[in-house]
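Heads up: the sequence shown begins at 1 in our numbering, then just goes up one per residue.
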Amino acid sequence: MAKTLDEVRKDLYDIRFYYSQSEMFAKAERYIIPQSLKDKASAYSEAIKTAPAKLYALFVERYIFNSKCECIARKWGYTTDYIKILNKKLYAYFSETVTEI
């Protein structure tokens, strides 16, 4: 069953937090393993491998490197609104490709 857009947004928020705090999570793994978050990140990372190039790049910049839409827009030479449109396309892509985790 496909995920809803709201589920994708929530998952991507969690993934972004996970990667932005990866050092802390790596240190904590000795004590606690956040397996559900690792599974979620892994599922989305697997799904993005077949995405169009712009969506792949957006996922990496926004959710792995924790960049804001404004920063990505400046770096890529686009408007912030265009990056937000791409982000919505990314949500839709994941909604179709990621199943329940």
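Cβ coordinates follow ideal geometry from the N, Cα and C atoms, glycine included.
For this session: Report yes or no: do three or more beta-carbon pairs, one from the region 2 to 14 and one from the region 85 to 98, lie closer than 8 Å?
Result: Under the Cβ criterion (8 Å, minimum of three pairs), the region 2 to 14 counts as touching the region 85 to 98.
For this session: Just the C-alpha distance for Lys54 and Glu70, rounded to the nearest angstrom, thanks.
Result: If you take the alpha carbons of Lys54 and Glu70, they lie about 16 Å apart.
Exercise. Where are the alpha helix (DSSP H) runs, 4 residues long or more, that stay fully inside the region 26 to 90, in chain order?
Worked result: Taking only runs of at least 4 residues, the alpha helix (DSSP H) segments lying wholly in the region 26 to 90 are 35 to 48, 53 to 59, 69 to 76.
For this session: For the alpha helix (DSSP H) holding Val8, just list the boundary residues, first then last.
Result: It spans 5 to 20 - the alpha helix (DSSP H) in which Val8 sits, taken as one unbroken run.
Problem set entry | CA-to-CA distance, Ser95 to Ala43, given in whole angstroms | If you take the alpha carbons of Ala43 and Ser95, they lie about 12 Å apart.
For this session: Check the DSSP bridge columns for Ala2 and list the partner residues they point to.
Result: According to DSSP, Ala2 bridges with Thr99.
For this session: Less than 8 Å between the CB atoms is what I'm expecting for Ala73 and Tyr63, so what's the real figure, rounded?
Result: That belief does not hold up - the Cβ atoms of Ala73 and Tyr63 are roughly 16 Å apart, past 8 Å.
Exercise. Taking C-alpha atoms, which residue in Tyr19, Thr80, Gly77 lies nearest to Ser45?
Worked result: Among Tyr19, Thr80, Gly77, the Cα nearest to that of Ser45 is on Tyr19.
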